[in-house]
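One structure below.
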Amino acid sequence: MKPLFIWAGGKTRVLKHYAPFMPSSFETYYEPFFGGGAMFVHVMNTYQPKNVVINDINDDVMNIYREIKTNLGEFQQRLDSLESQYLPLSKDDRKKFYFDIRHLHAWDYQEWSKTFEAATLYFLMKTGFNGIYQLNKNTNGRYGTPSGLLNQKDKVYDRNVLSWWHNALQNVTILSGDWKDSVNDDDNGFFFFDPPYRDSFADYGNGFGDDALTDLLDFADKQKRVFVANRADDDWFEDQSRSMNVHYFDITYTAGRRRRTEDGFVAKKSKRNPAFQDRPCDSCLKCPPFDHSAPIPCILKKWRGDPTQPPREAQHKWDRQTDSPPLTHFLYYGNSFPHRH
Ligand SMILES: C[S@@+](CC[C@H](N)C(=O)[O-])C[C@H]1O[C@@H](n2cnc3c(N)ncnc32)[C@H](O)[C@@H]1O
Numbered sequence: 082m083k084p085l086f087i088w089a090g091g092k093t094r095v096l097k098h099y100a101p102f103m104p105s106s107f108e109t110y111y112e113p114f115f116g117g118g119a120m121f122v123h124v125m126n127t128y129q130p131k132n133v134v135i136n137d138i139n140d141d142v143m144n145i146y147r148e149i150k151t152n153l154g155e156f157q158q159r160l161d162s163l164e165s166q167y168l169p170l171s172k173d174d175r176k177k178f179y180f181d182i183r184h185l186h187a188w189d190y191q192e193w194s195k196t197f198e199a200a201t202l203y204f205l206m207k208t209g210f211n212g213i214y215q216l217n218k219n220t221n222g223r224y225g226t227p228s229g230l231l232n233q234k235d236k237v238y239d240r241n242v243l244s245w246w247h248n249a250l251q252n253v254t255i256l257s258g259d260w261k262d263s264v265n266d267d268d269n270g271f272f273f274f275d276p277p278y279r280d281s282f283a284d285y286g287n288g289f290g291d292d293a294l295t296d297l298l299d300f301a302d303k304q305k306r307v308f309v310a311n312r313a314d315d316d317w318f319e320d321q322s323r324s325m326n327v328h329y330f331d332i333t334y335t336a337g338r339r340r341r342t343e344d345g346f347v348a349k350k351s352k353r354n355p356a357f358q359d360r361p362c363d364s365c366l367k368c369p370p371f372d373h374s375a376p377i378p379c380i381l382k383k384w385r386g387d388p389t390q391p392p393r394e395a396q397h398k399w400d401r402q403t404d405s406p407p408l409t410h411f412l413y414y415g416n417s418f419p420h421r422h
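End of the sequence shown = 422 in the working numbering, gap-free, step of one.
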């Protein structure tokens, strides 16, 4: 199973790096920075926690979970109605439809039921650009992401995913405030803290500064079973682990094509890696029209032409691996519990 939608910083892709450090059992699961809830999916499939508390400061998104939990029928009715109006349209008309619905969601929502509003937002998130959640002044400070590729074939959302979430959420407490209001010290709990990366105001419309991170790490340090995930973009996190253990791992994002990852993280343009500069790949060296002096080398991804002929730039399908050295992520984890192996 998978998250309901793509979410910046979603952790589906990195769960495998966390697996060796998962606790063997716990009573209550807390996920205070929920977003798309990738870890929740794993936890619900692997453990049977007695209690679950999920939270995110984004009330509109948490409202989607609330409505799927309690009003699935009405939620799906609205979603299906939008889907059936949208699918038969041409691309241009789909675009117009998307912006019309986005406009209504921005300005008319007060006349709507919470279920209607949540289903409308969910539709927009499924058809919007790259799963990015953007707030915009033009849209009343509400969801304002541009339209996506608008190329859905026969469905906008996956019915099985929706029904998995409906069932999984039945005994879950769903909150939408600051993380601190969703947790208490708990020796029988497992806490997964995945706060925003330090420079990610643009990703969620809210910042998470160093003071907030310090408070969070102080709280996490007191818990027995705890994960704190973040990206080591600079050295701020060095020496912040308190008594927790640290596990580092690298993730490579292809920045050149700004490829969308499984969980929708769109790789940010990072600094050029000087190690790559001025080193065209072998194929490019044989390829006369290629500008060998260009600072950005390319890496041949797929050469679909005659393998005995040197590829020419105009002919071959190549991709520029511009500037994406691996990004280091880390996981702080509490150590006073048996791990699941
Ligand atoms: C890195 S994302 C979490 C991604 C999530 N683990 C997933 O798999 O999709 C961080 C989340 O923290 C939320 N957030 C930001 N500030 C917060 C706060 N003070 N309290 C609770 N949530 C907050 C953002 O809305 C965002 O969804």
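Cβ atoms here follow ideal geometry from the backbone N, Cα and C, with glycine treated the same way.
- Annotation note: the segment 85-125 contains the following uninterrupted beta strand (DSSP E) runs of length 3 or greater, listed N- to C-terminal: 109-112.
- Between the beta-carbon of Ile332 and that of Leu408 there is about 6 Å, and that keeps the pair under the 8 Å contact cut.
- Within 10 angstroms of the beta-carbon of Gly225 lie 16 or more other beta-carbons, which makes it buried.
- Per DSSP, the unbroken alpha helix (DSSP H) holding Val242 starts and ends at Arg240 to Ala249.
- Distances from the alpha-carbon of Leu256 to those of Lys83, Gly118, Ile138 and Tyr99 put Ile138 closest.
- Per DSSP, reduced to three states, the secondary structure at Ala310 is strand.
- Distance from the CA of Gly270 to the CA of Asn211, rounded to the nearest whole angstrom, comes to 34 Å.
- In this structure, the alpha-carbon of Arg323 lies about 39 Å from that of Val242.
- When the five nearest sequence neighbours on each side are left out, the beta carbons in the same chain lying within less than 6 Å of the beta carbon of Tyr190 are those of Glu198, in order along the chain.
- Per DSSP, Val142 is one residue of the alpha helix (DSSP H) stretching across Asp140 to Thr151.
- Contact annotation: Tyr414 and Val307 have beta-carbon atoms nearer than 8 Å.
- Just measuring C-alpha positions, the residue of Thr201, Val122, Met103 and Tyr329 sitting nearest His184 is Thr201.
- Annotation for Thr226: no alpha helix (DSSP H) segment contains it, and DSSP assigns it neither H nor E.
- Inclusion of Phe114 and Trp260 in the CB contact set at 8 Å is warranted, their separation being smaller than that value.
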